[in-house]
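Before any comments, here is the structure.
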Amino acid sequence: MSVMALLRPTTIRNVAEDQFVVIHPLDDVREEKVDTASLGRMSMTRSAKISLMALRGYLVLMMLLVLYHVIDLSGALNRSVH
Numbered sequence: 001m002s003v004m005a006l007l008r009p010t011t012i013r014n015v016a017e018d019q020f021v022v023i024h025p026l027d028d029v030r031e032e033k034v035d036t037a038s039l040g041r042m043s044m045t046r047s048a049k050i051s052l053m054a055l056r057g058y059l060v061l062m063m064l065l066v067l068y069h070v071i072d073l074s075g076a077l078n079r080s081v082h
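If you're matching positions, the sequence shown starts at 1 in the working numbering and goes up one per residue.
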């Protein structure tokens with residue numbers, strides 16, 4: 001069997017029981033998307049809220065450290081050592 005025979009388009013009816021069918025998302029049948037506006041608020045546990053707030057704090061801290069590093073590299077801090 002040649003490689004081109006394996007790559008030719010096929011339908012699910014032509015596939016044997018011991019094979020898997022792989023369908024690229026662009027070739028798949030379109031499905032209706034979920035309207036997120038009608039879902040409402042998501043309930044979270046206290047530990048999930050604390051974890052997300054800790055993550056937010058960590059990200060803010062890392063952004064401040066990057067900003068400090070950029071300002072330091074630019075020479076704006078200009079600390080002279082004698």
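The C-beta atom is built at its ideal place from N, Cα and C for all residues, glycine as well.
No experiment lies behind these values; they were computed from the predicted model shown.
A Cβ-Cβ separation of about 10 Å leaves Val22 out of contact with Val15 under the 8 Å criterion.
In the three-state reduction of the DSSP assignment, Ser43 falls in the coil class. Annotation: Arg13 to Leu26 spans about 20 Å, alpha carbon to alpha carbon.
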